[in-house]
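Asker:
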Amino acid sequence: MKIKVVAKILEANERIAQENRRIFDDAGVFVVNLMSAPGAGKTSLLEKTLSEKTDLKIGVIEGDIAGSDDAERIGRFGVPVIQINTGGACHLDANMINEVIKELPLNELNVVFIENVGNLVCPAEFKVGEDMKVMLLSITEGHDKPLKYPLMFQESSALLLNKIDLAPYLDVDINKIKRDALSLNPNIMIFEVSCKTGEGIADWVKWLSNKTEKG
Amino acid sequence: MLTKKKRRSFLRDRMHEVSIALDLLNIATEQCRKSGYSKIEAINLKIGRASGIMPDALIFSFDAIKKDSLADTALLNIEEVPVSGECSDCSSKFTVDEEYILSCPVCNSNSFNIISGREMDIIDMEVS
Chain A
0 MKIKVVAKIL EANERIAQEN RRIFDDAGVF VVNLMSAPGA GKTSLLEKTL SEKTDLKIGV
60 IEGDIAGSDD AERIGRFGVP VIQINTGGAC HLDANMINEV IKELPLNELN VVFIENVGNL
120 VCPAEFKVGE DMKVMLLSIT EGHDKPLKYP LMFQESSALL LNKIDLAPYL DVDINKIKRD
180 ALSLNPNIMI FEVSCKTGEG IADWVKWLSN KTEKG
Chain B
0 MLTKKKRRSF LRDRMHEVSI ALDLLNIATE QCRKSGYSKI EAINLKIGRA SGIMPDALIF
60 SFDAIKKDSL ADTALLNIEE VPVSGECSDC SSKFTVDEEY ILSCPVCNSN SFNIISGREM
120 DIIDMEVS
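Here it is in structure tokens:
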């Protein structure tokens, strides 16, 4: 006997993501799903972002396979932070966020960063309830990444090219990264930043602040 | 110790195809029960080439988790859907071999809509 199903495999995740989004929206909180490969500088970017003088009231959900190093780094800034350990899973899913959402003082915040597990593939597929995805690519990873991992570039509203201070020492073709990323996603905003020297951080934070106001 | 730090652990799945296989198994067993059947013989899926899912990894994951379920002998039949698009400038419809489209192959425009290739859908199932 054949029965019709016609269902999206990820619809359970998407339903929970929508519920998360509703909770964030009700609290007036803008949510950024921050994604990159391991070691690209997600936590460093958050540290730099938290160091800028803004009106943003930021909370952070840290996703890692194991450990709480990232949450401890963020905790030094005195902002609310929750560490999720995925126990091996290569991405955060909507349910993991749903289970910790109430532990954040949402009414005191206007931005929540969800720092995803370091990975260029899976995090792009699982919505967690974000307003936008932001991707960080360190230029040391090479200029072939947009075409090797197109989904993440297509899904992201902004691309931050980190470790730009290393450009003089590398053979990486930064224009190719930009060209390919823009071909995959003509609306993507690209920032060149260095979490070491602070270059470009002010522009990124200004753009983020404008986004959250519009949101 | 950080006073504001909270920590939560999840011990659930490993590679993302396992997460997807678990969702797939949940949907399939629920639909099978709802329809009044007790065994799933096959599940037919459409998986887009730009979905990020590797069919072999999905089958491997599904086989690992299907034991002791209504689908314990079920086969996954996966139809891979190529990436195709429609140009916003010249209205051409086209299919590509890659997992992405950079420009319209007819007029080279960068303005196009992806019309297939992102599927992760269950179409139907064989049940008894």
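Quick note, the sequences are listed as chains A and B, same order.
For the first sequence, numbering that gives the first Met the number 0 assigns the number 0 to the initial residue and increments by one for each residue that follows.
For the second sequence, numbering that gives the first Met the number 0 assigns the number 0 to the initial residue and increments by one for each residue that follows.
Glycine residues also receive a C-beta, built at the ideal position from the N, C-alpha and C atoms.
1. Check whether the Cβ atoms of A/Leu45 and A/Leu135 lie closer than 8 Å to each other.
2. Give the range of the alpha helix (DSSP H) segment to which B/Ala41 is assigned.
3. Using 8 Å as the limit for Cβ to Cβ distance, is B/Ser83 near chain A?
4. With DSSP run on the structure shown, which of helix, strand or coil describes B/Ala73?
5. List, in order along the chain, the chain A residues whose C-beta lies closer than 8 Å to that of B/Leu23?
6. In three-state terms, what does DSSP make of A/Cys121?
7. How would you call A/Cys89, buried or exposed, if buried means at least 16 neighbouring beta carbons within 10 angstroms?
8. For A/Leu150, which three-state DSSP category applies?
9. Can you give, in chain order, each stretch of the beta strand (DSSP E) that sits fully within the stretch 38 to 100 of chain A and has at least 3 residues?
10. Here's a check: name, in chain order, each residue in its chain whose Cβ is nearer than 6 Å to the Cβ of A/Thr42, leaving out the five neighbours to either side.
11. Ends of the beta strand (DSSP E) at A/Lys132?
12. Taking the C-alpha atoms as reference points, what is the distance between A/Gly40 and A/Ile60?
13. Write down the C-beta distance between B/Tyr36 and A/Met0 rounded to the nearest angstrom, noting that I regard them as a contact closer than 8 Å.
14. Are the beta-carbon atoms belonging to A/Ile8 and B/Ser34 less than 8 Å from one another?
15. Can you find a C-beta in chain B that's less than 8 Å from the C-beta of A/Ser193?
16. At 8 Å on the CB atoms, spell out the chain B contacts of A/Ser182, in chain order.
17. For B/Ala125, I'd like the list of residues in its chain whose CB is within less than 7 Å of its CB, leaving aside the five on either flank, ordered along the chain.
18. With distances taken Cα to Cα, identify the nearest neighbour of B/Asn107 among B/Thr28, B/Val82, B/Cys89, B/Val17.
19. I want to see whether chain B comes within less than 8 Å of A/Ala88, judged by CB atoms only; does it?
20. Do A/Asn32 and A/Ala93 have their beta-carbon atoms positioned less than 8 Å apart in this structure?
21. Among residues of its own chain, excluding the 5 on either side of B/Ile58, which ones have a beta-carbon nearer than 8 Å to its beta-carbon?
22. Out of A/Gly66, A/Tyr148, A/Thr211, point me to the one whose CA is closest to A/Ala180's CA.
23. Which one of B/Val80, B/Lys45, B/Leu69, B/Cys31 has the shortest CA to CA distance from B/Glu97?
24. Would DSSP call A/Leu103 helix, strand or coil?
25. Could you check what DSSP says for B/Val17 in three-state terms: helix, strand or coil?
26. How far does the alpha helix (DSSP H) with B/Ser91 in it reach, from first residue to last?
Answerer: Reading off the structure:
1. Sequence index remark: in the first sequence, residue 45 of chain A carries index 46 (1-based). Sequence index remark: in the first sequence, residue 135 of chain A carries index 136 (1-based). No, these two residues do not count as a Cβ contact at 8 Å.
2. Stepping through the second sequence from its first residue, residue 41 of chain B is reached at position 42. Here B/Ala41 belongs to no alpha helix (DSSP H); instead the beta strand (DSSP E) covers 39 to 47.
3. For the purposes of this step, residue 83 of chain B is taken as residue 84 along the second sequence, with counting starting at 1. Output row for B/Ser83: interface = no.
4. Locating residue 73 of chain B in the second sequence gives position 74, where the first residue counts as 1. The answer is coil: DSSP assigns B/Ala73 none of H, G, I, E or B.
5. In the second sequence, residue 23 of chain B corresponds to position 24, counting from 1. Correct list: Ile8.
6. Here the question's residue 121 of chain A lines up with position 122 in the first sequence. Secondary structure of A/Cys121 (DSSP, three-state): helix.
7. Counted from its first residue, the first sequence places residue 89 of chain A at position 90. Its Cβ being crowded by 16 or more others within 10 Å, A/Cys89 is buried.
8. Start at 1 with the first residue of the first sequence, and residue 150 of chain A comes out as number 151. A/Leu150: helix per DSSP, three-state reduction.
9. 57 to 63, 80 to 84
10. Mapped onto the first sequence, residue 42 of chain A falls at position 43. Taken in chain order, the residues that qualify are Asp69, Arg72.
11. Stepping through the first sequence from its first residue, residue 132 of chain A is reached at position 133. Counting along the chain, the beta strand (DSSP E) containing A/Lys132 begins and ends at 131 to 137.
12. In the first sequence, counting from the first residue as 1, residue 40 of chain A sits at position 41. In the first sequence, counting from the first residue as 1, residue 60 of chain A sits at position 61. Rounded to the nearest angstrom, the gap between the Cα atoms of A/Gly40 and A/Ile60 is 16 Å.
13. Here residue 36 of chain B refers to the residue found at position 37 when the second sequence is read from its first residue. Here residue 0 of chain A refers to the residue found at position 1 when the first sequence is read from its first residue. Right, their Cβ atoms sit about 7 Å apart.
14. In the first sequence, counting from the first residue as 1, residue 8 of chain A sits at position 9. In the second sequence, counting from the first residue as 1, residue 34 of chain B sits at position 35. Not a contact, by the Cβ cut-off of 8 Å.
15. Translated into the one-based positions of the first sequence, residue 193 of chain A becomes position 194. Between A/Ser193 and chain B, the shortest Cβ-Cβ separation is not below 8 Å.
16. Stepping through the first sequence from its first residue, residue 182 of chain A is reached at position 183. Taking a Cβ-Cβ cut-off of 8 Å, the neighbours of A/Ser182 in chain B comprise Leu101, Ser102, Asn109, given in sequence order.
17. Here residue 125 of chain B refers to the residue found at position 126 of the second sequence. Residue identity differs from the one stated: residue 125 of chain B is Glu in this sequence, not Ala. Answer for B/Glu125: Glu40, Ala41, listed in chain order.
18. Position 108 of the second sequence, counted from the start, is the residue given in the question as residue 107 of chain B. Minimum Cα distance to B/Asn107 is reached at B/Cys89.
19. Taking the first residue of the first sequence as 1, we reach residue 88 of chain A at position 89. Cβ-Cβ to chain B under 8 Å: yes for A/Ala88.
20. Within the first sequence, residue 93 of chain A is the residue found at index 94, counting from 1. Within the first sequence, residue 32 of chain A is the residue found at index 33, counting from 1. Result no, Cβ atoms of A/Ala93 and A/Asn32 do not sit closer than 8 Å.
21. Along the second sequence, read from residue 1 onward, the residue named residue 58 of chain B stands at position 59. Cβ neighbours of B/Ile58 beyond the five flanking positions: Leu75, Ile77.
22. Residue mapping note: residue 180 of chain A aligns to position 181 of the first sequence, counting from 1. Cα-wise, what sits closest to A/Ala180 is A/Tyr148.
23. Translated into positions along the second sequence, residue 97 of chain B becomes position 98. Considering only alpha carbons, the answer is B/Val80.
24. Residue mapping note: residue 103 of chain A aligns to position 104 of the first sequence, counting from 1. If DSSP states are grouped into helix, strand and coil, A/Leu103 belongs with coil.
25. Here residue 17 of chain B refers to the residue found at position 18 of the second sequence. B/Val17 falls in the helix class under three-state DSSP.
26. On the second sequence, residue 91 of chain B is found 92 positions in, with the first residue counted as 1. Careful: B/Ser91 lies outside any alpha helix (DSSP H) and carries neither H nor E.
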